[in-house]
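So the protein lines, in turn, are chains E and P.
Counting with my numbering, you get residues 1 to 444 for the letters of the first sequence.
Counting with my numbering, you get residues 1001 to 1265 for the letters of the second sequence.
Using N, Cα and C, we set each Cβ at its ideal position, and we do this for glycine too.
Since the structure is predicted, the reported quantities are computational estimates derived from the model, not experimental observations.
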Amino acid sequence: MQFVYMSERPYRGLTEDQIYEHGSFFTFPNSAFDRQLASDDYNAYFDQALLAEQMGFDAVGLNEHHGNPFCMGSVLNVEASVLARLTERVKIVLIGNPIPVGRNPLRLAEELAMIDLISRGRLVTGWVRGSGPEQFFNNVNPAYNRELFEEGHDLIIKAWTRPGPWRYEGKHFHYRHVNPWALPFQKPIPPTIIPGVLSRETAAWAAARDYPYLGLGSALKPSAELWNFYADEFAARDLQAGPENFGHVVFVYVDETPERAQEIGRSLVFAGGNANFAKAQHTLPAGYNSPSAIKRLANAPQGGWLGITKDRLEEEKVDVKAVTIAEGRRKTESAYERMQKNLQIVVGTPDQVTEKLKVVLRCLRPGMLFMMSPLGNISHEDRRRSIELMGRHVLPELREESERLGLADMFQRRPGSVSLAPGQPRAAVVDLQAIEEYEASPVA
Amino acid sequence: MAGELGESVVDVGGVGVVMLEGGSGRPLLMLHDELGFPGWMRWNGDLAGSRRFVIPLQPGFGRTPQVQWFESIRDVGSFYTRMVRESGLGTVDVVGFSAGAWIAAEMAASDPGLFNRMVLVAPLGIRPEEGEIFDFLAVTMRRHIAATVSNQGAEELKEIYGGGISSERFEMFEAARAETSRLAWEPFMFDPTLPHRLDGVSDVETLIIWGDEDQIVPRGCVEGYKRAIKNSRLELIHGAGHRPEIEDRERFVKVVSEFLESPSA
Chain E
1 MQFVYMSERP
11 YRGLTEDQIY
21 EHGSFFTFPN
31 SAFDRQLASD
41 DYNAYFDQAL
51 LAEQMGFDAV
61 GLNEHHGNPF
71 CMGSVLNVEA
81 SVLARLTERV
91 KIVLIGNPIP
101 VGRNPLRLAE
111 ELAMIDLISR
121 GRLVTGWVRG
131 SGPEQFFNNV
141 NPAYNRELFE
151 EGHDLIIKAW
161 TRPGPWRYEG
171 KHFHYRHVNP
181 WALPFQKPIP
191 PTIIPGVLSR
201 ETAAWAAARD
211 YPYLGLGSAL
221 KPSAELWNFY
231 ADEFAARDLQ
241 AGPENFGHVV
251 FVYVDETPER
261 AQEIGRSLVF
271 AGGNANFAKA
281 QHTLPAGYNS
291 PSAIKRLANA
301 PQGGWLGITK
311 DRLEEEKVDV
321 KAVTIAEGRR
331 KTESAYERMQ
341 KNLQIVVGTP
351 DQVTEKLKVV
361 LRCLRPGMLF
371 MMSPLGNISH
381 EDRRRSIELM
391 GRHVLPELRE
401 ESERLGLADM
411 FQRRPGSVSL
421 APGQPRAAVV
431 DLQAIEEYEA
441 SPVA
Chain P
1001 MAGELGESVV
1011 DVGGVGVVML
1021 EGGSGRPLLM
1031 LHDELGFPGW
1041 MRWNGDLAGS
1051 RRFVIPLQPG
1061 FGRTPQVQWF
1071 ESIRDVGSFY
1081 TRMVRESGLG
1091 TVDVVGFSAG
1101 AWIAAEMAAS
1111 DPGLFNRMVL
1121 VAPLGIRPEE
1131 GEIFDFLAVT
1141 MRRHIAATVS
1151 NQGAEELKEI
1161 YGGGISSERF
1171 EMFEAARAET
1181 SRLAWEPFMF
1191 DPTLPHRLDG
1201 VSDVETLIIW
1211 GDEDQIVPRG
1221 CVEGYKRAIK
1231 NSRLELIHGA
1241 GHRPEIEDRE
1251 RFVKVVSEFL
1261 ESPSA
């Protein structure tokens, strides 16, 4: 089992009300950017990753968002390069590189190979399509997002595995000389993980390539349903999926007293968190989703993606704000409560957090657990204390529990290495009964 | 009214193009805008006594299948050029709206013999010297629709787009916007080479129509067309937005029929 420390590296100079008033994190005018604060914070976040390594985490995770105070990791490979040299033991997990938005997969292949080499083989690479706002920011045609993703991915794998030089003529990419000198330290390619927000298309794509799937903080039941779907896709290839095929993100804050944990942990939904990441028109640009996904959206207006529904896409306002200030505050409070009940957010003393995360491990049986630290403006001291408490008290107990549950990670058991005899039914990958039991009496 | 439209599927290079027809008289090719065919409107009815509308539904907009090899509006223009050549319509008149007007201009640029007279209503496709084309792909579908008229109470707009949008129409608008994004995301809704390619077109009499309250296409676009097409003139419709055909139908019908029916210069 791998325990991954992760942070959004949030910009800490805006208030919640400023975000509510503007209507989203994305598109907040950069005239508010404080260079000194950001400079200090980039460095503080590296220090926290180092602390996580000292406190026993197996890995540190990074993600990427553009033009957004929600996450200062605008180019995650820059941060990964720094961590490759600063850290000594932890794996560096990228969740992930948005292949379409850089428009240069060959350069991406070089950057990642260098990170893997500098870290002496500690890179875990991840591929994403990039959310809607990333397409806007980088002016990448949303209608070609999936094509760019798939072609770029295949090209990178080929650049790493097929001896060069050779020429490439694709649909979106063309290279007359593919011969990257730097190749990944890990052969044939670095371990890979595919993050997603409950998209079946993404899960099927990952399953077809033996890539583990990482659920980005979804609730237990929808996560379990998607993992079952993934496991079915796997079984159709006569393969048994297991914990090595799955990772799960939980938003975690630990403190010494329940009261303080609850108060500071509220920052896990700072300014509404993900729900106010971007406005409707940027979250789901035309062409970004497949026609079948649009059909699902059209017919299930309540089942929106990142809070986006057909109704919101129909709104007539120039700027479809996620919220107003009063509505924002109210929604954030109720999200904080609801997400704690759902175990999407886990906040408390070390004992409280340990108990709740054990439930997550029992229910979903992941091989990797990402513990995401708070958004917003909380102090670095609070961030460090949470990491220390996790390392000292929570991780040792969770390790024991994961051994008891037999949660092998992708390094202990290669995804796709367990065969099923043709026609043999697959074994369960999640514990639905444990989910039912938890939902019947959720932790208050 | 839409029930009176004839519908057929025309094979163009293996693609089944859904073709609508209505009215009688000399054929008038109509190219709809980037939101798709809005239905048979009153202005169609006004002209249908003397004109037979021939209306292809753009590939990828929900009815006619998407054509994978299209990469630009110019490609749609080439494809439609072949369609008209093979249709037996002969030299034909055309009216195009917004992105549909851009397609018509592309067709004229690739084969000036295709058209007799051309009406470009609020055409996209040329970079405005001043102002910017409204980024309708950076707003929600509903806001996009609302921006197409200066008067939100315009009667026919309410009939077509008023109230909630059904799931079916939502999917069709999304398909239209997605295909438009695919073809003209960057540069946004113009092709810098188009004015140069139109420069050689001299025999197609062209009427450019523009509502002076258009929120989508700035005046710079239509001025660009006027400069690029030698035999063209610009008709302003005061107080109308991007849909003069429904915002000031009487004036629109008057200028279009006078232009189409006038003796050749």
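- Message: Please report the straight-line C-alpha distance between ASP1075 (chain P) and VAL252 (chain E), rounded to a whole angstrom.
- Response: 52 Å
Show which residues of chain P have a CB atom less than 8 Å away from the CB atom of TYR144 (chain E).
-> ARG1182
For ILE1145 (chain P), report the span of its alpha helix (DSSP H) as first-last. 1141 to 1147
Going by alpha carbons, who is nearest to MET1189 (chain P) out of P:ASP1033, P:GLU1086, P:LEU1020, P:THR1064?
P:ASP1033
Distance between PRO1263 (chain P) and ALA286 (chain E) (C-alpha atoms, nearest Å):
44 Å
If I measure Cβ to Cβ from ILE156 (chain E) and keep anything under 7 Å in the same chain, skipping five residues before and after, which residues do I get? PRO105, LEU108, ALA109
Item checked: Burial state of GLN340 (chain E) (16 or more Cβ within 10 Å) -> buried
Check whether the stretch 398 to 406 of chain E and the stretch 29 to 37 of chain E are in contact - that is, three or more C-beta pairs closer than 8 Å. no
Compare the beta carbon distance of GLU1106 (chain P) and GLY1224 (chain P) with 8 Å and say whether it is the shorter of the two.
no
Quick check: is the beta carbon of LYS91 (chain E) nearer than 8 Å to any beta carbon in chain P? no
Assign LYS171 (chain E) to one of three DSSP states: helix, strand, or coil. coil
At what residues does the alpha helix (DSSP H) containing GLU1235 (chain P) begin and finish? First-last for GLU1235 (chain P): 1232 to 1237, but that is the beta strand (DSSP E), not the alpha helix (DSSP H).
7 Å CB neighbourhood of ILE1103 (chain P) in its chain, flanking five on each side removed:
LEU1031, ILE1073, VAL1076, GLY1077, TYR1080, GLY1096
Margin query: For a contact defined as C-beta to C-beta under 8 Å, what are the partners of PHE136 (chain E) on chain P?
Written below: ALA1138
> So who's on the other strand from TYR213 (chain E), going by DSSP bridges?
Replying inline: E:ILE194, E:PHE246
request  = Spell out whether any CB of chain E is found under 8 Å from the CB atom of ALA1329 (chain P).
outcome  = The question about residue 1329 (chain P) has no answer, for chain P in this structure spans 1001 to 1265.
Quiz item: Count the other CB atoms within 10 Å of the CB of VAL1009 (chain P); is the residue buried (16 or more) or exposed (fewer)?
Solution: exposed
_Once DSSP output is grouped into helix, strand and coil, what is the label at VAL353 (chain E)?_
helix
Close-in-space but distant-in-sequence residues of the same chain around SER1150 (chain P) (CB under 6 Å, 5 per side omitted):
GLU1213, GLY1241
Subject >> Unbroken alpha helix (DSSP H) run spanning ARG383 (chain E), endpoints >> reply: 380 to 389
Does the CB of LEU1005 (chain P) have a neighbour CB from chain E at under 8 Å? no
May I have the straight-line CA-CA distance separating VAL249 (chain E) from MET410 (chain E), to the nearest angstrom? 16 Å
* To do: Output the distance between the C-alpha atoms of VAL1255 (chain P) and LEU1047 (chain P), rounded to the nearest integer angstrom.
  => 12 Å
Sequence-distant residues of its chain with Cβ nearer than 7 Å to ASN1116 (chain P) (five each side left out) = THR1091, VAL1092, ASP1093
- Is the CB of GLY303 (chain E) under 8 Å away from at least one CB in chain P? Residue placement at GLY303 (chain E) cannot be trusted, given a pLDDT of 43 that sits under 50; the coordinates are not used to answer.
- Query: LEU112 (chain E) and PRO184 (chain E) look like a contact to me (Cβ under 8 Å); what is the Cβ gap, rounded to whole Å?
  - Reply: 7 Å
Fill in: Proximity winner among E:PRO350, E:ARG413, E:VAL78, relative to SER386 (chain E) (alpha-carbon distances)
E:PRO350
Can you tell me where the alpha helix (DSSP H) holding MET339 (chain E) begins and where it ends?
325 to 341
Following the continuous alpha helix (DSSP H) through GLU1034 (chain P), name the residue where it begins and the one where it ends.
GLU1034 (chain P) -> no alpha helix (DSSP H), and no H or E assigned at all.
Check: What do you get for HIS65 (chain E), buried or exposed, if any count of 16 or more other CB atoms within 10 angstroms of its CB means buried?
Finding: buried
Determine, for ILE99 (chain E), whether the minimum Cβ-Cβ distance to residues of chain P falls below 8 Å. no
>> Could you check whether the Cβ of LYS221 (chain E) sits closer than 8 Å to any Cβ belonging to chain P?
In response: no
**Asked** Interface residues of chain E around TRP1210 (chain P) at Cβ under 9 Å?
**Response** Going along chain E, no residue has its Cβ under 9 Å from TRP1210 (chain P), so there is no contact; the nearest lies around 23 Å.
Assuming GLY367 (chain E) and LEU407 (chain E) are in contact, meaning their beta carbons sit under 8 Å apart, how far apart are those beta carbons, in whole angstroms? 6 Å
Can you tell me whether DSSP reads PHE1252 (chain P) as helix, strand or coil?
-> helix
Mapping DSSP to helix, strand and coil, what is PRO133 (chain E)?
-> helix
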